[in-house]
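Trainee:
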Amino acid sequence: MPPMPKADKIWFNGELVDWDDAQIHVLSHVVHYGSSVFEGMRVYETSKGPACFRLADHVNRIFDSAKIYRMALPYSKAELTEAILETIRANKLKSCYVRPIAFRGYGSLGVDPTPCPVDVVVAVWEWGAYLGDDALEKGADVRIASWNRLAPNTMPSLAKVGANYMNSQLIKMEAMADGYAEGIALDSQGYVSEASGENIFMVKNGSIYTPSSGSSILPGITRHSVITLARELGYAVTQRPIPRESLYIADEVFFTGSAAEVTPIASIDHIPVGDGKRGPMTEALQSAYFGITYGREEDRFGWLTYV
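Mind the numbering: the sequence shown is residues 94 to 400 in my numbering, read in order.
(1) Inspect the beta-carbon positions of Gly200 and Cys189 and report whether they are closer than 7 angstroms.
(2) For Ile310, name the three-state secondary structure that DSSP assigns.
(3) Taking three-plus beta-carbon pairs below 8 angstroms as touching, is the stretch 332-348 in contact with the stretch 360-377?
(4) Measure the alpha-carbon distance for Val124 versus Glu345 and round it to whole angstroms.
(5) Can you tell me the Cα-Cα spacing of Gly107 and Glu172, whole angstroms?
(6) Cβ of Phe131 within 7 angstroms of Cβ of Ala115?
(7) Could you check the C-alpha separation between Glu230 and Ala274 for me, to the nearest Å?
(8) Going straight from the alpha carbon of Ile301 to that of Thr315, what length do you get?
(9) Do three or more CB pairs link the stretch 256-271 to the stretch 228-248 at distances below 8 angstroms?
(10) Report yes if the C-beta distance between Ser158 and Val254 is below 7 angstroms; otherwise report no.
(11) Expressed to the nearest angstrom, what Euclidean distance is found between the alpha-carbon atoms of Gly127 and Leu243?
(12) Output needed for Tyr151: all residues of its chain with C-beta closer than 7 angstroms, excluding positions within five of it in sequence on either side, in chain order.
(13) My output table needs one value for Tyr302: the three-state DSSP class, helix, strand or coil.
(14) Look at the alpha carbon of Gly327 and the alpha carbon of Arg154, and state the distance between them as a whole number of angstroms.
(15) First and last residue of the alpha helix (DSSP H) that includes Tyr126?
(16) Grab the span of the beta strand (DSSP E) containing Arg197 for me, first residue to last.
(17) Using alpha carbons as the reference points, say which of Glu138, Asp212, Glu391, Ile385 lies closest to Ile103.
(18) What is the rounded straight-line gap between the Cα of Pro96 and the Cα of Cys145?
(19) If I'm right that Thr180 touches Val217 with Cβ under 8 angstroms, what's the distance once you round it to whole angstroms?
(20) Give the C-beta separation of Met295 and Ile335 to the nearest angstrom, bearing in mind that I take them to be a contact with Cβ-Cβ under 8 angstroms.
(21) Count the other CB atoms, across all protein chains shown, that sit within 10 Å of the CB of Asn292; report buried if there are 16 or more and exposed otherwise.
(22) Which residue wins for smallest C-alpha separation from Leu120, given the options Glu219, Asp368, Leu202?
(23) If you run the structure through DSSP and keep just helix, strand and coil, what is Asp402?
(24) Measuring straight from C-alpha to C-alpha, what distance separates Asp227 and Arg371?
(25) Within the continuous alpha helix (DSSP H) that includes Arg341, where are the two ends?
(26) Out of Ala183, Thr174, Ile161, state which residue places its alpha-carbon closest to the alpha-carbon of Asn422.
(27) So which of Val319, Gly307, Phe348 has the shortest CA-CA distance to Arg333?
(28) Apart from the five residues just before and just after Glu325, which ones in its own chain have a Cβ nearer than 8 angstroms to its Cβ?
Right, dumping it as structure tokens:
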């Protein structure tokens, strides 16, 4: 895999610095304990210029994640919002992926993180389709992971934190080692949870089902967007526990996420999903989602913030 494309500037604790100068000390708390909260969001090229998708919701969620972990961010929501917009403008990108992150920095290496400063960074870079361009149309081949998602009251799944993604790495590496694009994890009760970095939906008999937050999922912002769009299109959407085998006999299954957007699933454990290709409801939701993100349709939910 080629190295990630560099942009010009990174916002680092209130200042724009050159990409290669955005460095931290090797003894920073985050390096040893995964003590970071972060977001991933996209900026889309539209006829009116670059537009952030659901910027306010991403900023709210990083503050929620920080609150759960007793991490007081040294900037307000308004200041972080402006930092994100400033970083996008400084790098002159028409479309990009945005990574705001706050982490415990250099100061102490005990488990107690409170003596360490909280550093805040915003980086942007160009990033195409997460699971490949073909996957958006043809669908991805995935497996059920042997690794479960985190059990309730172990590590909070409602927080988007760096340490949780060690679990995601195990799921992703296992899938790729076996020739799959992604893995789907079950929760501690054996019900469907989510993939390494995506929420999951299934379609059966014209209705849509997705795991609830009780199944150790991250409540995705794209997930919420798709639920909103599905209901607008007249589809019934139910959040409930989903048995693993339901995915095998579903008419359609698809992923959602800021990186994955709306990606159909062609097969699970070598079992074709429906006809083994993108289904009509998935395609309709993709069309509705990209219609808003690329500014081709009215932004009727106020999801776009123009840079």
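For glycine and all other residues, C-beta sits at the position ideal for the given N, C-alpha and C.
Mentor: A quick look at the data gives this:
(1) Against a cut-off of 7 angstroms, the Cβ pair of Cys189 and Gly200 comes out as no contact.
(2) coil
(3) The stretch 332-348 is in contact with the stretch 360-377.
(4) 40 angstroms
(5) 9 angstroms
(6) no
(7) Near 14 angstroms, if we compare the C-alpha coordinates of Ala274 and Glu230.
(8) 15 angstroms
(9) yes
(10) yes
(11) 15 angstroms
(12) It should be pointed out that residue 151 corresponds to His in this sequence rather than to Tyr. Answer for His151: Glu132, Met134, Ile314, listed in chain order.
(13) strand
(14) Their Cα atoms are separated by approximately 28 angstroms.
(15) DSSP places Tyr126 in the uninterrupted alpha helix (DSSP H) bounded by 122-126.
(16) 189-197
(17) The shortest C-alpha separation from Ile103 is found at Asp212.
(18) 24 angstroms
(19) Right, the Cβ-Cβ distance comes to about 5 angstroms (below 8 angstroms), so this counts as a contact.
(20) 7 angstroms
(21) buried
(22) Leu202
(23) Look at the range of the chain in this structure, 94 to 400, and you will see that residue 402 is not part of it.
(24) 11 angstroms
(25) For the record, residue 341 in the displayed sequence is Tyr; it is not Arg. Where Tyr341 is concerned, the enclosing alpha helix (DSSP H) stretches over 337-341.
(26) Residue 422 cannot be examined here, being either before or after the span of the chain that is shown, 94 to 400.
(27) Selection Val319, Gly307, Phe348 evaluated against Arg333 yields Gly307 as nearest (Cα-Cα).
(28) Taken in chain order, the residues that qualify are Ala381.
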